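What follows is a single structure, written as structure tokens, with notes after it.
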Amino acid sequence: MMREGHFGFLEALSLMVIVLINKIFFTSPMTLIEKLGTSAWLGTLISCLASLSFFGLLYLLMKRFNGQDLFQIFETVTGKLVGRGLIFLISLYFLYYTAINAQEFAAILKAYSLPYTPIYLIVLPLLVIAAAMTYVGLEGIARVAYVFVFPIFGGLVLILVLAFPVYDWDYLRPLFGYGLDTTIGIGLLRSSAYSEIIFLAIIINSIHGLKYFRRVGISALLICGLVFSLCCACILAAFQYPSSSEHLSGMFQLSRVIYYSRFFQRIEAIFLFIWVFASVITIAIGFYISLKAYCRAFLIKNHRPLLFSILLLTSAVCFLPRSFPEILQIHVRVIREFSFLLIYLVPILVLLVAVILRRGGTSNDKSL
């Protein structure tokens, strides 16, 4: 069986916060600002609220089948065949998720810092590290996240604070951008940007069940929603709407405009440090979940012989996109706008089926 181990509230919270907040370092702010204008900061709060609503339904599902993880619930409610089919579908999705995240990271790093480095020399070491962390197990990934969450958040806060002299908060007007209806619509669609919260339902038995599940999920979503909104507001305040929608990584660009004297400027090295570690942890947990789901779908007890095969498959998917515009306009959009069709709707449908068929729960909570 895969080595999962057990860890506490802080480790689980650190892992989820890093995974959820990691996309602030990529193209998400640019995409939000391009679609919502000056209301990008509000749109991501709406996405967060939508994800909190989904998490409430997910909590009801996990509570109804207390002691089981999400994969076990799929098999219990829909049967072995359909359940394993859903698990395999999730495995494929998170393999795709891991590959596209690695490719997006490599493309932006190449654009900003390593223009002459072949992209495979960035992607392959990243995936090898993710495979090595998966070999160690989930507990190891969570404890690494706990160690690095402090420098990651500390560096992020430092960049936002040091860039304060360049902010002009008038750039956030009009507050509702292209209109409140557009902001709400895009905000709901972009709730997929928080879809990694599903990880908690998959690893629930490693975080002591429902004891920490709800606390970690709500805390992580609220923290990341507020931080994401603040970062979008700071990017808009620093660069204004037209320029903000052109930067591949608004946070990286923000770190480059910090200037206090000739001896204190261009501190993007701090950004690169926190960006690399956040990306490694995110890609590692995506790789782990994909492999875990594959092993569960095909009843494979020892995952380690499959590490190399999954690594090769992920690497192959990484190089399917032929250009950065294709990555951004197709693949990243699928993950951050349409993944809710799988990640959100499937558990909700399973909950509805469980209620209709009266499966799970006790005599006192059949109404859940």
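With this note's numbering applied, the sequence shown closes on residue 531, and no number is skipped along the way.
Where is the CB? At the ideal position from N, CA and C, for every residue including glycine.
Treat the numbers as computed from the prediction; the structure is a model and nothing was measured.
Put simply, the backbone Cα of Gln266 is about 21 angstroms away from that of Ile315. Straight through space, the alpha carbons of Ile253 and Val240 are spaced by roughly 17 angstroms.
Counting only residues of its own chain and dropping the five nearest sequence neighbours on each side, Ile506 has a CB closer than 6 angstroms to the CB of Ser358 and Ile361. Between the region 200-211 and the region 328-344 there are three or more C-beta pairs closer than 8 angstroms, enough to call the two in contact. Taking each of Val509, Pro510 and Leu195 in turn and checking the Cα distance to Gly348, the smallest one comes out for Leu195. In terms of Cβ geometry, Glu431 and Ser442 do not form a close pair [threshold 8 angstroms]. By the beta-carbon neighbour count (other beta carbons within 10 angstroms, threshold 16), Ser354 is buried.
Gly219 and Phe426 have their alpha carbons spaced roughly 50 angstroms apart. Taken in chain order, the whole alpha helix (DSSP H) runs of length 4 or more contained in the region 293-347 are 301-325.
The DSSP-derived three-state label of Phe234 is helix. When the Cα atoms are used, Glu489 and Ser406 turn out to be separated by approximately 22 angstroms.
Contact between Val480 and Leu258 holds, since their C-beta atoms are separated by about 7 angstroms, short of 8 angstroms. In the DSSP assignment, Ser210 falls outside any beta strand (DSSP E) and within the unbroken alpha helix (DSSP H) covering Ala203 to Arg227. The C-beta distance from Thr190 to Leu491 rounds to 6 angstroms, short enough to fall under 8 angstroms.
Per DSSP, Tyr259 is not a residue of any beta strand (DSSP E); the alpha helix (DSSP H) it occupies stretches across Lys243 to Tyr275. Here the alpha carbons of Ser412 and Leu287 stand approximately 22 angstroms from one another. Exposed is the label assigned to Pro281, since fewer than 16 other Cβ atoms lie within 10 Å of its Cβ. Look at Ser424 here: in three-state DSSP terms it is strand. Under the three-state reduction of DSSP, Ile463 is assigned to coil, being neither helix nor strand.
Nearest in C-alpha terms to Asp331, of all of Ser486, Leu399 and Pro468, is Leu399.
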